Every structure is written in structure tokens, then in C-alpha cells.
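A.B. asks: For the sequence shown, counting from 1, position 39 maps to 32 in my numbering; every step adds exactly one.
Please see the structure below; I have some questions.
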Amino acid sequence: MAKQEDDFKKVISHAKEYGYVFQSSEIYDGLSAVYDYAQNGAELKKNIREYWWKAMVNLNENIVGIDAAIFMHPTTWKASGHVDAFNDPLIDNKDSKKRYRADVLIEDYVAKIEAKIEKEVAKASKRFGDTFDKKQFLATNQRVVEYQEKADAILKRMGKSLENEDLADVKSLIEELDIACPMSGSKNWTDVKQFNLMFGTKLGASAESAMDLYLRPETAQGIFVNFLNVQKTGRMKIPFGIAQTGKAFRNEIVARQFIFRMREFEQMEMQFFIRPGTQKEWYEKWKENRLKWHLSLGMGEENYRFHDHEKLAHYADAAADIEFRFPFGFKELEGIHSRTDFDLSQHEKFSGKKLQYFDPELKESYVPYVVETSIGLDRMFLAVFSNSLQEEELENNTTRTVLKLPAVLAPTKAAVLPLVKKDGLPDVAHKIIEDLKWDFNVIYDEKDAVGRRYRRQDAAGTPFCITVDHQSLEDQTVTIRHRDTMEQHRVAISEVKSIIHKEVDMRSWLQRMG
Ligand code: ATP
């Protein structure tokens, strides 16, 4: 645990030191769970957004993208169920005065049991070597089976209690499991209460005419209310999707995990409208497709897993998370939800407008079903950033800190470095930048010895360093250094663009999705 915390602290301080993420309003001591993206962070975030948009919108003929407003008519949130049901169960510790999400306390307890299972697996795998059969071990090892049964039973009971709004039982469960406040070790808990996560605000200048509004807690509803507009004006035929990226706001009860859980964050969501009855098939397809998108970034298959929901949200008939191994363990990165016709039917009911589709093949009208994919851009940022940050032991017994961002996402693709600040080398470097800047985000760096500049670019995540030296003046060549391998090659200046292009081109990265 201590190592995990230490690693996570390193991630946070590296994000600040290298201009990725700052605390919001830091000069006023910050604002809890609100963050600003700095010069490099803004580029990385934009590149992740683009990677998603390309894969979801541009590469799918039947998916279009929109950009709906953050403010929506307040009835939207009555129809969607958010006014009545967008709650989290909270519990306070009477001694430490710390507030927690009751479900998260229980899930963390279960995660500890799961960690024990993983430990047993690791031990057995070491003992049996090549002959180790993980599946069989999980199914037959008495201790592991008991652990798993216990974990399943806890989650099942919690799911049921939450579904039935039986908050007293959620508290009983916490007490029976002997869960203590992680801060103080105290087990002196209050009752569990529901807490609505939406932020309220007002629209309009005068107090009498002002209208109560909410800041949207998800982007999805902006898609649902525009369903018919897009379908008609885009002449879309079912099945088709509407995607969008944008800010969402939630008054999270506990927000102590950097950009993993923020009060203002960005979502990338896609609602796929389908014929009723085909939801199972599309749900499975989108689960598979979204996992492929993640895997295309090459961040290690072992770092992802699916988690099927026990407790389904009020709108869903099936739901799964893609979980990622964050520095603090496996946690939700993306959700894939089969939302039935819940949202469109509710908006029909509350608006009095028909939100139906005439299916020319079936020759009938219906309210389409929906499968949704929903990922937090900031969470994706954290996944990419934390996974990329590595300390490497080098052959000469030194270490280097390197941010091995997938090159397609790196904020700066290349740094151009004149070996010395004289003899006309800076001019050549600037000329190279003049040419490259139309295609890539590149920077110029002439300060410090070149070795230190390499280290600085490694830590900032820049995939290439291009060094201009005296030989460059004679034969129009430079050295190009690769961040990950630290290999250097001498190449013609005229070749540099195509070398970078080959490594950072979105097409080749996304084609890995197959
Ligand atoms: P959690 O269980 O972690 O609170 P959720 O199940 O409420 O998340 P969804 O409503 O399914 O999340 O939202 C879809 C995605 O939006 C999540 O998978 C996550 O990546 C992102 N997300 C949700 N809440 C936050 C937040 N407070 N900060 C950053 N990202 C978030």
C-alpha cells in the first residue's frame, strides 16, 4: 500500500513539475477536486479527445458528433431521473469527521479480498512454473474459492440493499465487515444517507424570473434530447450513433484521488440507437470495440479488465465497466451501458413530443433502444499519464525518469536542440522547426548541456530529440534520438518529417484496432 501511495504521489508531482496538471486557483490554496490543465496537459488532453473522436465519429459512417450546451431545460433532469435518483450513499465517521461513500468503503474492502486472491495466484504461479493453469487454480483452490465466494456475497448484498434503498442494511454491512475509517481507524459511523450530486444554479437576471437550473452531471442527455433533430437532419438510419465530448459536473462526496474523481470533468460519450431486441448483441459489440480502442494504445493488456455490474442503474438492463490498473489499483475507466428505451421514453413522457423512429424495413415506428459508451477524458488522461511514468535503471548504474506516452498522444512530438548556442547552429534548428511546425507540435531547446536536455525531454514525454551539430552545417544531417530506446541515428534533415510521421500518425495507431 505504501508503495502504491508513493507511486501515486510521484505521478501527481511529476504532472505539476512538467506542466501537465495544476491545482485550480493554487495561489488561493486550491479548490477541492478541481484541476487545471497546463501547457503540456492541454495538448495531451486534446490529443486523447481527438484519438477518441477519430475512432468513434470519423471512422464510423453511422456515427455523428454534436456539441450540446451545458445548460439544459431543468425538466431534462426530472425526465432522466437525476433529480430523484442521482444520489450516492454517504456515511460520516463520527470521530475523524471524514465523509465517505458507503459503497466505496465496501468496494475497497472487497478489493482487499481480491488482492489476496491475486497474491495466492502469484505464489502458485511461481511454485508451478510453466505448468500453472490459472483458471483451474481459481476454480479449485479451497482458500481462493472461499475468498471469491465472500467477495461475491458482499457485493451481491450491497447491490440488493442499494437497489431496495435499504440504507440501514448498508450500514449493517459496514459494521459486520468491521470496516474502519481509513484515516483514523475508528468504527464509529453515522447512519447512511442519500446525497444528490447535481450542482444547482440560476438562469436569468432578476430574482423573481430566475429559473433554477442544474449544471449537467453527464453529457448523455444533450444527445437524447437532440435525437430526433439529428436523425432527421442527418437522415440517419438505425442503427446509428451520436457522440459528443464535453464538461460535466458532479458534487462528489469524496474526491481525494487527483483527476480520477473531480467535481468538474470532461466526458466522451456515444449513444448508439438500435432496434429493440438487438441490445444484447450491440452491447457485446461495443464492449469489444471499446476494449480494442484502449488496447491500440499499447499500454498492456494485463492492465485492463471488465467488471460486470451487480447493481444496475435505474435505466440499464446490462452494464459493465472497463477497469484500468491505476496506481491505486483497478478502477473504472469507462462504462458501457445498455440503457433500453428508458431515456427517450422518459423524454417523450415529460415533453409530450414523440421521439420515435420509423423503421422502413419493419414498416413500423418505435422508440429506439440505446447502448452507451461513456469514458471520462480526465480518467483516461490519468491512465495514460500514470502508466507512462517510469523510472529506468540504466547500464551505467544511473536512473532516468521517462514518460513513455504513446507517441500519438504525446503533447510535443519533437524537441530541436542546437548542440551549442553559436556557430549558426540555432539558425539551422529554427529552420527545421519552421518546417515541422505545420505538421507537429515541436519545441526549441538550447539551455544546458545536451545530455540534460535529453533527460528533460524524456521526463516531459517527447518521443524525439533532433540535435543539430557542426556536421549538420556541412552535410545537412542531424541526429535523431528516440525517447524509449535512447538510440540515436544520423539522418538527412529532409527525412526527419517522415520519420516522425511514421511514429505519431493516428492512422497506424488506430489501425491496430483491426
Ligand atoms: P464512479 O462509479 O467512479 O463514480 P460512475 O459509474 O458514476 O463513476 P458514469 O456515470 O458511468 O460514472 O460516468 C462515465 C464515466 O465518466 C466514468 O467511467 C468515468 O470515467 C467518468 N467520470 C464519472 N465521474 C467522474 C468524476 N467525478 N471525475 C472524473 N471522471 C468521472
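By construction, the Cβ of each residue, glycine as well, lies at the ideal position given by its N, Cα and C atoms.
All values derive from a computational prediction rather than experimental measurement.
State the beta-bridge partners of GLN129 as determined by DSSP.
C.D. replies: Walking along the sequence shown from the start, residue 129 turns up at place 136. Looking at the DSSP assignment, GLN129 forms no beta bridge with any residue, so it has no partner.
A.B. asks: What does the alpha-carbon distance come out to for the pair TRP182 and LYS87?
C.D. replies: Translated into the one-based positions of the sequence shown, residue 182 becomes position 189. Translated into the one-based positions of the sequence shown, residue 87 becomes position 94. Approximately 6 Å between the Cα atoms of the pair.
A.B. asks: Where do the N-terminal and C-terminal ends of the beta strand (DSSP E) with LYS186 fall, by residue?
C.D. replies: One-based indexing of the sequence shown puts residue 186 at position 193. Looking at the DSSP string, the run of the beta strand (DSSP E) that includes LYS186 is 186 to 189.
A.B. asks: Starting from ASP159, follow the beta strand (DSSP E) in both directions and report where the run begins and ends.
C.D. replies: Within the sequence shown, the letter at position 166 stands for residue 159. From DSSP, ASP159 is part of no beta strand (DSSP E); its letter is neither H nor E.
A.B. asks: Counting Cβ pairs, one atom from each stretch, are 3 or more of them under 8 Å apart for the stretch 136 to 152 and the stretch 184 to 191?
C.D. replies: Touching, no.
A.B. asks: Is any non-hydrogen atom of the ligand ATP found closer than 8 Å to the C-beta of MET553, if you look at the structure I gave you?
C.D. replies: One cannot answer for residue 553 here, as it falls past the ends of the chain, which runs -6 to 507.
A.B. asks: Just to check my reading of the structure: GLU496 and ALA422 have Cβ atoms closer than 8 Å, yes? What is that Cβ distance to the nearest angstrom?
C.D. replies: Taking the first residue of the sequence shown as position 1, residue 496 is located at position 503. Taking the first residue of the sequence shown as position 1, residue 422 is located at position 429. So it is not a contact: roughly 20 Å between Cβ atoms.
A.B. asks: Should the stretch 309 to 316 be regarded as contacting the stretch 327 to 341, the criterion being three or more beta carbon pairs within less than 8 Å?
C.D. replies: yes
A.B. asks: Just to confirm the assignment, what range does the beta strand (DSSP E) spanning THR478 have?
C.D. replies: Along the sequence shown, read from residue 1 onward, the residue named residue 478 stands at position 485. Element bounds for THR478: n/a, residue is neither H nor E.
A.B. asks: Whose C-alpha, out of ALA452, ILE486, MET373, is nearest the C-alpha of GLU427?
C.D. replies: The residue labelled residue 427 in the question sits at position 434 within the sequence shown. If we check each option's Cα against that of GLU427, ILE486 comes out closest.
A.B. asks: Can a CB atom of chain B be found closer than 9 Å to the CB of ARG318?
C.D. replies: Annotation note: the requested chain B is absent from the structure, which comprises a single protein chain.
A.B. asks: Run through DSSP, which three-state label would ASP424 get?
C.D. replies: For this step, residue 424 is matched to residue 431 along the sequence shown. In the sequence under discussion, the amino acid at residue 424 is Lys, which differs from the Asp named in the question. Reduced to three states, the DSSP call for LYS424 is helix.
A.B. asks: For ILE20, which of helix, strand or coil comes out of DSSP?
C.D. replies: Here the question's residue 20 lines up with position 27 in the sequence shown. Looking at ILE20 - three-state DSSP - the assignment turns out to be helix.
A.B. asks: Whose C-beta lies closer than 8 Å to the C-beta of LYS47 among residues of the same chain, with five residues either side of it excluded?
C.D. replies: Stepping through the sequence shown from its first residue, residue 47 is reached at position 54. Hits under 8 Å: MET499, LEU503.
A.B. asks: So who's on the other strand from CYS458, going by DSSP bridges?
C.D. replies: Counting from 1 along the sequence shown, the entry for residue 458 is found at position 465. According to DSSP, which records beta bridges pairwise, CYS458 is partnered with ALA408, ARG474.
A.B. asks: Please list, in chain order, all residues of the same chain as GLY197 whose beta carbon is under 7 Å from its beta carbon, the five residues on each side excluded.
C.D. replies: Start at 1 with the first residue of the sequence shown, and residue 197 comes out as number 204. For GLY197, where only same-chain residues beyond five positions count, the Cβ hits under 7 Å are ALA203, MET204.
A.B. asks: MET261 lies in the alpha helix (DSSP H); which residues open and close that run?
C.D. replies: To locate residue 261, count along the sequence shown from 1; it is residue 268. First-last for MET261: 257 to 267, but that is the beta strand (DSSP E), not the alpha helix (DSSP H).
A.B. asks: For VAL461, collect the residues of the same chain with a Cβ closer than 6 Å to its Cβ; drop the 5 residues on either side in sequence, then sort them by chain order.
C.D. replies: Translated into positions along the sequence shown, residue 461 becomes position 468. Excluding positions up to five away in sequence, the list reads PRO411, LEU418, VAL421, ALA422, VAL471.
A.B. asks: From PRO456 to ASP77, what does the alpha carbon distance come to, in whole angstroms?
C.D. replies: Taking the first residue of the sequence shown as 1, we reach residue 456 at position 463. Taking the first residue of the sequence shown as 1, we reach residue 77 at position 84. Going by the C-alpha atoms only, they are around 49 Å apart.
A.B. asks: Please report the straight-line C-alpha distance between ALA161 and VAL185, rounded to a whole angstrom.
C.D. replies: As a position in the sequence shown, residue 161 is number 168, starting the count at 1. As a position in the sequence shown, residue 185 is number 192, starting the count at 1. Between ALA161 and VAL185, the C-alpha separation is close to 7 Å.
A.B. asks: Within 10 angstroms of its Cβ, does PRO353 collect 16 or more other Cβ (buried), or is it exposed?
C.D. replies: Looking up residue 353 in the sequence shown gives position 360. Under this definition PRO353 is an exposed residue.
A.B. asks: Leaving out five residues before and five after HIS7 in sequence, what residues of the same chain have Cβ atoms less than 7 Å from its Cβ?
C.D. replies: As a working mapping, residue 7 is identified with position 14 in the sequence shown. The beta carbon of HIS7 lies closer than 7 Å to those of LEU382 in the same chain, with the five residues before and after it left out.
A.B. asks: Confirm the yes/no value for this check: CB of MET255, any heavy atom of the ligand ATP, distance under 8 Å.
C.D. replies: Here residue 255 corresponds to residue number 262 of the sequence shown, with the count starting at 1. Yes, since a heavy atom of the ligand ATP falls inside the 8 Å radius drawn around the Cβ of MET255.
A.B. asks: May I have the straight-line CA-CA distance separating GLN(-3) from MET176, to the nearest angstrom?
C.D. replies: Taking the first residue of the sequence shown as position 1, residue -3 is located at position 4. Taking the first residue of the sequence shown as position 1, residue 176 is located at position 183. Their Cα atoms are separated by approximately 16 Å.
A.B. asks: If you measure from the CB of LYS406, is any heavy atom of the ligand ATP nearer than 8 Å?
C.D. replies: Stepping through the sequence shown from its first residue, residue 406 is reached at position 413. Not under cutoff, so the answer is no.
A.B. asks: Among residues of its own chain, excluding the 5 on either side of TRP45, which ones have a beta-carbon nearer than 6 Å to its beta-carbon?
C.D. replies: The residue labelled residue 45 in the question sits at position 52 within the sequence shown. Cβ within range, chain order: MET261.
A.B. asks: Got a sec? Which residues, its chain only, sit under 6 Å from ASN380 by beta carbon, not counting five neighbours each side?
C.D. replies: Along the sequence shown, read from residue 1 onward, the residue named residue 380 stands at position 387. So the qualifying residues of the chain are MET292.
A.B. asks: Would you give the residue range spanned by the alpha helix (DSSP H) that ASN40 belongs to?
C.D. replies: Taking the sequence shown and counting its residues from 1, the one referred to as residue 40 is at position 47. Note, ASN40: alpha helix (DSSP H), 32 to 46.
A.B. asks: Looking only at its own chain, which residues have a Cβ that is under 7 Å from the Cβ of PHE319, when we skip the five neighbours before and after it?
C.D. replies: Within the sequence shown, residue 319 is the residue found at index 326, counting from 1. Once the five neighbours on either side are set aside, the close Cβ partners of PHE319 are PHE253, LEU375, ALA376, SER379.
A.B. asks: Could you tell me whether the Cβ atoms of PHE220 and LEU429 are closer together than 9 Å?
C.D. replies: The residue given as residue 220 occupies position 227 in the sequence shown. The residue given as residue 429 occupies position 436 in the sequence shown. Cβ atoms of PHE220 and LEU429: not closer than 9 Å.
A.B. asks: Using a Cβ distance threshold of 8 Å, determine whether the stretch 212 to 226 contacts the stretch 65 to 83, with at least three qualifying pairs required.
C.D. replies: Taking a contact to require three or more Cβ pairs closer than 8 Å, the stretch 212 to 226 and the stretch 65 to 83 qualify as touching.
A.B. asks: Using DSSP with H/G/I as helix, E/B as strand and the rest coil, what is ALA542?
C.D. replies: The first residue shown for the chain is -6 and the last is 507, placing residue 542 beyond what the model contains.
A.B. asks: How many angstroms separate the CA atom of PHE299 from the CA atom of ASP85?
C.D. replies: As a first step, residue 299 must be located in the sequence shown, where it is residue number 306. As a first step, residue 85 must be located in the sequence shown, where it is residue number 92. One C-alpha to the other measures close to 31 Å.
A.B. asks: On the DSSP bridge list, what partners appear for GLN237?
C.D. replies: Within the sequence shown, numbered from 1, the residue matching residue 237 stands at position 244. Paired residues: GLU262.
A.B. asks: Straight-line CA distance for ARG449 to LYS2?
C.D. replies: The residue you call residue 449 lines up with position 456 of the sequence shown. The residue you call residue 2 lines up with position 9 of the sequence shown. Going from the Cα of ARG449 to the Cα of LYS2 covers about 20 Å.
A.B. asks: Identify which residue in MET49, GLU274, ILE267 has its Cα closest to the Cα of PHE233.
C.D. replies: Numbered from its first residue, the sequence shown carries residue 233 at position 240. Of the listed residues, the one whose Cα sits closest to PHE233 is ILE267.
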